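Enquirer: Going letter by letter, the sequence shown gives residues 18 to 289 in the working numbering. In this text, a Cβ means the ideal position worked out from N, Cα and C, and glycines have one as well. Since this is a predicted model, take the numbers as computed values, not measurements.
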Amino acid sequence: MGFQLGLFSPNTESGLAITTAPERWHATWDDNLRLARIADEVGIDFLLPVARWTDWGPDTDFHRSALDPLVWASGLLAQTTRLRVFTTVHTAFHHPVVAAKQLATADHLSKGRVGLNIVAGWHAPEYEMFGLSLPGDHDTRYALAQEWWDVVRRIWSSDEPFDHEGRFFQLKNVVGRPKPYNGQSLPVINAGSSKQGRSFAARNADRAFTVVGGPQDGADIVKAIRAEAASHGREVGVFTLGHVVCRRRKRRRRTSCTTTPTSAPTGPPSTR
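#1: Using a Cβ-Cβ cutoff of less than 7 Å, which residues in the same chain neighbour TRP73 once the five nearest sequence positions on both sides are dropped?
#2: Does the stretch 228–242 come close enough to the stretch 117–132 to have 3 or more Cβ pairs within less than 8 Å?
#3: Report the three-state DSSP secondary structure of PHE63 (helix, strand or coil).
#4: Please work out which residues of its chain come closer than 6 Å, Cβ to Cβ, to GLY19, disregarding the five sequence neighbours upstream and downstream, and give them in chain order.
#5: Do you know whose CA, among HIS112, GLN201, ALA109, VAL102, lies nearest PRO66's CA?
#6: Output yes or no for whether 8 Å exceeds the beta carbon distance between GLU252 and ALA244.
#7: Using a Cβ-Cβ cutoff of less than 8 Å, which residues in the same chain neighbour ASN242 once the five nearest sequence positions on both sides are dropped?
#8: Tell me which same chain residues have a C-beta within less than 6 Å of the C-beta of GLN201, skipping the five on either side of it?
#9: Measure the C-alpha to C-alpha separation of VAL191 and LEU93 and round it to an integer number of angstroms.
#10: Looking at the secondary structure, which residues open and close the alpha helix (DSSP H) in which LEU94 lies?
#11: Out of LEU24, GLU177, PRO39, state which residue places its alpha-carbon closest to the alpha-carbon of ASP57.
#12: For the stretch 150–167 against the stretch 181–189, do three or more pairs of beta-carbon atoms, one drawn from each stretch, fall closer than 8 Å, so that the two count as touching?
#13: Just to confirm the assignment, what range does the alpha helix (DSSP H) spanning LYS196 have?
#14: Might you give, ordered along the chain, the residues of its own chain that have their beta carbon closer than 7 Å to the beta carbon of ILE238, omitting 5 neighbours on each side?
#15: Rounded to the nearest angstrom, how far is the Cβ of TYR159 from that of ALA141, given a contact under 8 Å?
#16: Which value, in whole angstroms, describes the spacing of the CA atoms of VAL59 and THR97?
#17: Let me check understanding here. Comparing Cα to Cα, which of SER150, VAL115, ASP154, GLN187 lies closest to ARG194?
#18: Can you name the residues that DSSP bridges to GLU182?
#19: Under 7 Å from any heavy atom of the ligand ATP, does the C-beta of SER175 make it?
#20: Which residues does DSSP pair with PHE226 in a beta bridge?
#21: The alpha helix (DSSP H) spanning ILE172 covers which residue range?
#22: Is it true that the CB of THR29 sits closer than 8 Å to the CB of MET146?
#23: If you drop the 5 nearest sequence neighbours on each side, which residues of the same chain put their C-beta closer than 6 Å to that of HIS155?
#24: Quick check on HIS112: buried or exposed, where buried means 16 or more other Cβ atoms within 10 Å of its Cβ?
#25: Please identify the residue among CYS263, GLY250, ALA236 whose C-alpha is closest to the C-alpha of THR257.
#26: When DSSP labels each residue in this structure, what does THR122 get in the three-state scheme?
#27: Mark SER26 as exposed unless 16 or more other C-beta atoms lie within 10 angstroms of its C-beta, in which case mark it buried.
#28: Output the distance between the C-alpha atoms of PRO39 and VAL106, rounded to the nearest integer angstrom.
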């Protein structure tokens, strides 16, 4: 699968930096378009957004504004030529029949450059916005995600209408066209760091996107995910994240950058 380098969370105010610095990332459309064009030109492999529906309070305005991941991805794909752009989909908030058509449409728009990041959700206030209750256990969240993904895959692979009678979805005469641009599916990431999230990725994803504490911890996690994937007859790559802190020095007007490992500040890893 090879080494790949991407940019995470540019569609959200402050990105992953919880800061009050005035020059922090503001995630306007113009910011994102400029970033995508630079990434497309210099060889960055992909962009990956966060799906965020509410902010984290007034202290820093962290994630105060967030561009919708699918609309954001579609717009950037229309303005680039090489770059893969993922969209992030909460399985609890997006009906699989609607999502299947939207994703396939974006894939045609980009001639096969869209990707899907499947997330089961974990933040209770976001569930409340939709009139839903956050399931208290990971197993229920990922059972819903599994059924959601099973329905989407069947829509993309089936040429005939079908019924689905499941635990979470009861569907009649389901059809879906167009299919994805290059076949029956899209490149899939699953972002999760719980045991259930990593297992979901091992069963379903092309890449597991998970938080690690460092090289030794990361090596063990990668081995475990790949071993579980192999038990299902699959191969799965693993993505993790690093945090680049970059700020211009006032005296010499140079840019000072440091890179340190970090965990995503959007919640405890065990909740996702």
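Expert: Judging by the given coordinates:
#1: PHE79, HIS80
#2: no
#3: strand
#4: none
#5: VAL102
#6: no
#7: Correcting the residue type first, residue 242 is Ile in the shown sequence and not Asn. Result list for ILE242: ARG215, ALA218, ALA219, ALA225, THR227, VAL253, VAL255, in chain order.
#8: TRP173, SER174
#9: 30 Å
#10: Counting along the chain, the alpha helix (DSSP H) containing LEU94 begins and ends at 86–95.
#11: Check the Cα spacing between ASP57 and each of LEU24, GLU177, PRO39: the tightest is with LEU24.
#12: Touching, yes, given that three or more Cβ pairs across the two stretches are closer than 8 Å.
#13: First-last for LYS196: undefined, no H or E at that position.
#14: Beyond the five residues adjoining it in sequence on each side, ILE238 comes within less than 7 Å, by CB distance, of THR227, VAL229 in the same chain, given in chain order.
#15: Rounded, the Cβ-Cβ distance is 17 Å, inconsistent with contact.
#16: Looking at the two C-alpha atoms, the distance is approximately 12 Å.
#17: VAL115
#18: According to DSSP, which records beta bridges pairwise, GLU182 is partnered with GLN187.
#19: The model depicted lacks the ligand ATP and carries no ligand whatsoever.
#20: ALA208, PHE256
#21: 155–174
#22: no
#23: SER211, GLN213
#24: exposed
#25: ALA236
#26: helix
#27: buried
#28: 30 Å
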